[in-house]
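Visitor: Before anything else, here's the structure in question.
Protein chains: 2
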Amino acid sequence: MRDFNEITATEGVLKSFDSIENKRVKVLMGSIVKHLHEVVKETEPTFEEWLKAIEFLTRTGQKCDERRQEFILFSDVLGISMLIDTINNRKNNNETESTVLGPFHAPAPDIRFGDNIAHHVKGEKCLVKGKVSDINGKVIPDAIVDVWQSGPDGLYDVQKENNVVDLRGKMKTNNNGEYFFKTVKPQFYPVPTDGPVGEILNLMGRHPFRPAHIHFMIKAEGYVDLTTHVFIDGDPYLDSDTVFAVKESLIRKLNDAIDLDDNTQCKELTFDIILEKKI
Amino acid sequence: MRDFNEITATEGVLKSFDSIENKRVKVLMGSIVKHLHEVVKETEPTFEEWLKAIEFLTRTGQKCDERRQEFILFSDVLGISMLIDTINNRKNNNETESTVLGPFHAPAPDIRFGDNIAHHVKGEKCLVKGKVSDINGKVIPDAIVDVWQSGPDGLYDVQKENNVVDLRGKMKTNNNGEYFFKTVKPQFYPVPTDGPVGEILNLMGRHPFRPAHIHFMIKAEGYVDLTTHVFIDGDPYLDSDTVFAVKESLIRKLNDAIDLDDNTQCKELTFDIILEKKI
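One line per chain: the protein sequences are Z and D, in this order.
Counting along the first sequence from 1, when you hit position 103 you're at 103 in the working numbering, and nothing is skipped either side.
Counting along the second sequence from 1, when you hit position 166 you're at 1166 in the working numbering, and nothing is skipped either side.
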C-alpha cells in the first residue's frame, strides 16, 4: 500500500495477511492487529510513550529464564491467563471449576494415602482430604491427584536456590475415590515484584498478593483433566487476587481437627472434586 | 473480585485500575486491557496457542541488544510504528509528510555542500539536492539536514561488524535554503529475518523488503522537526513496503545527470522539503 493514513492503516495491514495459508494464523493475527491499532487510535500515544512500551516489553522478555516467566506473569496480572483458562474450561454441569495453572507446577514425588508433603518448612499442620467423583456422585478410584503449594514464607520450592523438592505430592484415590495428605497451612504471598511486571503493578497502585491456596491437577481415565486451586476461607486477598483466579466455588473453611496419628491439634480442609466425563 | 468469568472479566480487571493516580497511565492500561481481552474473546485461543504467544514475546525480547531492537521491528511490520508516526504528525497544509524513523539513525559526520557520503561501498553515483522552505515558499537557510541510508548491499553501517561510519551526513542549507550531497543509488533491502519477527513474516507469507529510500531528519529554528524518507520511483516494493512507510508524496524520480566535478555520468534526485512553523 502507499499512503498509509489513520483511515487506511488497519485495512492496509490486514490486506498484507491475504496470503496467509494457515486459516487459524490469519484469524489470530487479524484480531491482534485490529485491536492493537484500536488501542493506538483510542489513546494516541506519543513517540515517547510508544518507546516506553517497547522498552517494557524488551525488559520483560529479558527477565525470563528457566525459573522465571515474566510474560506469563504479565498475562496473569492483566486477567488474560484467567480468561484463557475460563474460555477453555466452560462448565456444563456441577463439575469442579478450573483456575489458572500458574508458573510453579513441577514433577512431584509419589505419596501414599495420609503422607506428609511438608518436609523442609515450619508451619501449622493441616490435613487435606476429599473425594473424587463424577457429576452423578459415582466415586472415581485410581484418579491421579497432583498437588503443590507455597510454604509459610510464601515461596514455592522452585523459587529457592537449594533445589530441594518440597510441598508437592502425587497420589492415587483409593477404592472409595478418596485422597488424603498432610501439609502445612498455606499462606497468602506476593507474585515476584523485582521485574518489569512489579513496576507496572506499582505504577497501577495494585498490591502483588495472591490469597492462600493449594494447587490441584487431577487426571482420571475417561474424564477431562482438571487444573484448579482450593482457596482458604477468610483470607484477606480473596477479593483482590492479583491474578484474578478466585472462584467462590473453590473456597473452603479450615476447621480445627486432631491428627489421629499423634493426637496433636491441627487444621483440616475438605475439598471434594467432581470431574467431567470425556466425550 | 471473585468469580471471574467471560462476562465479568474485563470489567473486573479495569476495576483493579481504580487507584491509578496517573490519569494517562489509566487511559493507556485501560485501553490495552480492554482490547487484549477482546482479542481473547474473539479468537478463543487454546492454552497451547497462548503459550506460543508467550514464547514468541519472550524470544523477541531476548533477541534485542544494543544493535538490534526486535520489538520495534515487530511494531513496524504490524503497521503500529507508522500509525504512531501518522497520528503524531498530522498535516495541516502542504508541508512535507513524515514517515518512520526506523532503527538505524546514528550520529553523522558534518559535511559541506556537495560532499560525498559514500566512502566504503561501491555503487552507482547519485547526486541528491533540494531546497528547504516554509509552506509559503520562503526559503530556510541554516536548516540542519541529517541523512542516512543503506548501501547497495542493503546494509546500514551500524549493521556491519567493522564499526566504520558510512552513508551518513549532516549539513546546513545555504543562504538559498539549498542542500546538496553525493552518494550511491539506494537499493531495496530486507529487514532482519533471522529473529522471531522473521518467523512471523514467513508464517504470514509476507516478504521482508523495504523499497529503496534515503532517510532525512530536518531541524530548523522556529519549525517543527521533520523525520521522513525519500523513495525512488519504480522500485518493485513501493506497494508492499513491509513496514508500510511509503507515501506517494515522498516518491521521486532518479534522472540521468552529469557530475560536473569530474564530468562523469550519474543519477540525480531532487527532494524539496517544506517545514511547518512551530506554534
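Even glycine gets a Cβ: it sits at the ideal position worked out from N, Cα and C.
Quick test of your reading: I1087/D and V40/Z, contact by CB under 8 Å. State the CB separation rounded to the nearest angstrom.
Guide: Translated into positions along the second sequence, residue 1087/D becomes position 87. Translated into positions along the first sequence, residue 40/Z becomes position 40. Between V40/Z and I1087/D the Cβ distance is about 7 Å, and since that is below 8 Å, they are a contact.
Visitor: Just confirm the distance between the C-beta atoms of C1126/D and K1267/D, as a whole number of angstroms; I'd bet it's less than 8 Å.
Guide: Reading the second sequence from its first residue, position 126 is the one you call residue 1126/D. Reading the second sequence from its first residue, position 267 is the one you call residue 1267/D. Yes, they are in contact, since the Cβ atoms of C1126/D and K1267/D sit about 4 Å apart, within 8 Å.
Visitor: Ordered along the chain, which non-local residues of its own chain (more than five positions away) have a Cβ less than 8 Å from that of G114/Z?
Guide: As a working mapping, residue 114/Z is identified with position 114 in the first sequence. Taken in chain order, the residues that qualify are F180, F181, K182 and D261.
Visitor: Report yes if the CB atom of I258/Z is closer than 8 Å to the CB atom of L238/Z, and no otherwise.
Guide: In the first sequence, the residue the question calls residue 258/Z occupies position 258. In the first sequence, the residue the question calls residue 238/Z occupies position 238. Not a contact, by the Cβ cut-off of 8 Å.
Visitor: Could you compute how far the alpha carbon of D1194/D sits from the alpha carbon of E70/Z?
Guide: Working through the second sequence from its first residue, we reach residue 1194/D at position 194. Working through the first sequence from its first residue, we reach residue 70/Z at position 70. Rounded to the nearest angstrom, the two C-alpha atoms are 24 Å apart.
Visitor: Taking the alpha helix (DSSP H) that S31/Z belongs to, which residues open and close that run?
Guide: The residue you call residue 31/Z lines up with position 31 of the first sequence. Unbroken alpha helix (DSSP H) run through S31/Z: K23 to T43.
Visitor: So, at 6 Å on beta carbons, what are the nonlocal neighbours of V132/Z in its own chain, with the 5 sequence-adjacent residues on each side left out?
Guide: The residue labelled residue 132/Z in the question sits at position 132 within the first sequence. I140, A143, T173, G177 and I273.
Visitor: Kindly list the residues whose CB is nearer than 6 Å to the CB of G169/Z, restricted to its own chain and excluding five residues on each side of it in sequence; keep chain order.
Guide: Looking up residue 169/Z in the first sequence gives position 169. Excluding positions up to five away in sequence, the list reads A108, I111, I117, V147 and F181.
Visitor: Can you tell me whether V191/Z is helix, strand or coil according to DSSP?
Guide: Numbered from its first residue, the first sequence carries residue 191/Z at position 191. V191/Z falls in the coil class under three-state DSSP.
Visitor: What residues of chain Z sit near K1247/D, judged by a beta carbon separation below 9 Å?
Guide: Here the question's residue 1247/D lines up with position 247 in the second sequence. Correct list: R2, D3, F4 and N5.
Visitor: Run through DSSP, which three-state label would Q1069/D get?
Guide: Your numbering for residue 1069/D matches position 69 in the second sequence. Here Q1069/D sits in coil by DSSP.
Visitor: Suppose the cutoff is 7 Å on Cβ atoms and the five residues either side in sequence are ignored; what does the same chain contact list for K1091/D look like?
Guide: Here residue 1091/D is taken as the residue at index 91 of the second sequence, counted from 1. Correct list, in chain order: E1097.
Visitor: Drop a sphere of 10 angstroms on the beta-carbon of I1072/D, count the other beta-carbons inside from all chains shown, and report buried for 16 or more, exposed for fewer.
Guide: Against the second sequence, residue 1072/D aligns to sequence position 72. Buried, since its Cβ has 16 or more Cβ neighbours within 10 Å.
Visitor: Tell me, please, whether the stretch 1004-1016 of chain D touches the stretch 75-83 of chain Z by the rule of three or more beta-carbon pairs shorter than 8 Å.
Guide: yes
Visitor: For P208/Z, which residues of its own chain have a beta-carbon under 6 Å away from its beta-carbon, when the five flanking residues on both sides are left out?
Guide: As a working mapping, residue 208/Z is identified with position 208 in the first sequence. Hits under 6 Å: P190, V191, T193, L201 and T242.
Visitor: For S1081/D, which residues of its own chain have a beta-carbon under 6 Å away from its beta-carbon, when the five flanking residues on both sides are left out?
Guide: Locating residue 1081/D in the second sequence gives position 81, counting from the first residue. If we look at S1081/D and ignore the five residues flanking it on each side, its Cβ neighbours are S1075 and V1100.
Visitor: Taking CB distances under 8 Å as the criterion, tell me whether R252/Z reaches chain D.
Guide: Locating residue 252/Z in the first sequence gives position 252, where the first residue counts as 1. Chain D places no beta carbon closer than 8 Å to that of R252/Z, leaving this residue out of the contacts.
Visitor: Would you check if the distance between the CB atom of Q1149/D and the CB atom of L1167/D is smaller than 8 Å?
Guide: In the second sequence, residue 1149/D corresponds to position 149, counting from 1. In the second sequence, residue 1167/D corresponds to position 167, counting from 1. Yes, these two residues count as a Cβ contact at 8 Å.
Visitor: Is the shortest distance between the beta-carbon of W1148/D and the beta-carbons of chain Z less than 8 Å?
Guide: To locate residue 1148/D, count along the second sequence from 1; it is residue 148. Closer than 8 Å: no.
Visitor: Classify H35/Z as buried or exposed, calling it buried when 16 or more other Cβ atoms lie within 10 Å of its own Cβ.
Guide: To locate residue 35/Z, count along the first sequence from 1; it is residue 35. Buried, since its Cβ has 16 or more Cβ neighbours within 10 Å.
Visitor: Kindly list, in the order they appear in chain Z, the residues whose Cβ is closer than 9 Å to that of F1244/D.
Guide: Counting from 1 along the second sequence, the entry for residue 1244/D is found at position 244. Residues of chain Z passing the Cβ test: M1, F4, A9, G12, V13 and S16.
Visitor: Give me the chain D residues within the contact set of F75/Z, using Cβ-Cβ distance strictly less than 8 Å, ordered along the chain.
Guide: As a first step, residue 75/Z must be located in the first sequence, where it is residue number 75. One point to set straight first is that residue 75/Z is Ser, not Phe, in the sequence displayed. Within chain D, the residues near S75/Z are W1050 and I1054.
Visitor: Using beta carbons (cut-off 8 Å, strictly below), is H35/Z in contact with chain D?
Guide: Here residue 35/Z refers to the residue found at position 35 when the first sequence is read from its first residue. With a threshold of 8 Å between beta carbons, H35/Z makes contact with chain D.
Visitor: For E1221/D, is the classification buried or exposed, using 16 other Cβ atoms within 10 angstroms of its Cβ as the cut-off for buried?
Guide: Here residue 1221/D corresponds to residue number 221 of the second sequence, with the count starting at 1. With fewer than 16 other Cβ atoms within 10 Å, it is exposed.
Visitor: According to the Cβ coordinates, are K185/Z and L254/Z closer than 8 Å?
Guide: Here the question's residue 185/Z lines up with position 185 in the first sequence. Here the question's residue 254/Z lines up with position 254 in the first sequence. Judged by beta-carbon spacing, L254/Z lies within the 8 Å limit of K185/Z, meaning their Cβ atoms are closer than that value.
Visitor: Relative to the C-alpha of N163/Z, which candidate in M1/Z, F216/Z and A106/Z has its C-alpha closest?
Guide: As a working note, residue 163/Z is residue 163 in the first sequence. The option with the nearest alpha carbon to N163/Z is A106/Z.
Visitor: Let me check understanding here. Comparing Cα to Cα, which of V1033/D, H1229/D, F1216/D and E1006/D lies closest to M1171/D?
Guide: On the second sequence, residue 1171/D is found 171 positions in, with the first residue counted as 1. That would be F1216/D, whose Cα lies nearest to the Cα of M1171/D.
Visitor: Give the range of the beta strand (DSSP E) segment to which S1302/D is assigned.
Guide: Residue 1302/D falls outside the range modelled here, since chain D spans only 1001 to 1279, and no answer is possible.
Visitor: Is it buried or exposed, K1122/D, if we count other Cβ atoms within 10 angstroms and call 16 or more buried?
Guide: In the second sequence, the residue the question calls residue 1122/D occupies position 122. With fewer than 16 other Cβ atoms within 10 Å, it is exposed.
Visitor: Using a 10 Å radius around the Cβ and a threshold of 16 neighbouring Cβ atoms, would you call D134/Z buried or exposed?
Guide: The count along the first sequence starts at 1 and reaches residue 134/Z at position 134. The residue is buried, with at least 16 neighbouring Cβ atoms inside 10 Å.
Visitor: Is there at least one Cβ from chain Z nearer than 8 Å to P1103/D's Cβ?
Guide: Residue numbering aside, residue 1103/D sits at position 103 when the second sequence is read from its first letter. It does not: the Cβ of P1103/D has no partner Cβ on chain Z nearer than 8 Å.
Visitor: So with CB distances below 7 Å, who are the chain A contacts of E21/Z?
Guide: The structure shown has no chain A; the protein chains it does contain are Z and D.
Visitor: At the 8 Å Cβ level, is P186/Z part of the contact set with chain D, yes or no?
Guide: Along the first sequence, one-based indexing puts residue 186/Z at 186. No, P186/Z lies away from the interface with chain D (no Cβ there is under 8 Å from its Cβ).
Visitor: Please list the partners that P1152/D has in chain Z, where partner means a Cβ-to-Cβ separation under 7 Å.
Guide: Against the second sequence, residue 1152/D aligns to sequence position 152. What P1152/D touches in chain Z: nothing, since even the nearest Cβ is about 24 Å away.
Visitor: Considering Cα atoms alone, identify which of G1012/D, I1020/D and E1248/D is closest to M204/Z.
Guide: On the first sequence, position 204 is the one that residue 204/Z refers to. Selected option, being the one with the closest Cα: I1020/D.
Visitor: Whole angstroms are fine: how far does the CA of F1004/D sit from the CA of S240/Z?
Guide: Translated into positions along the first sequence, residue 240/Z becomes position 240. Translated into positions along the second sequence, residue 1004/D becomes position 4. Here the C-alpha atom of S240/Z lies approximately 11 Å from the C-alpha atom of F1004/D.
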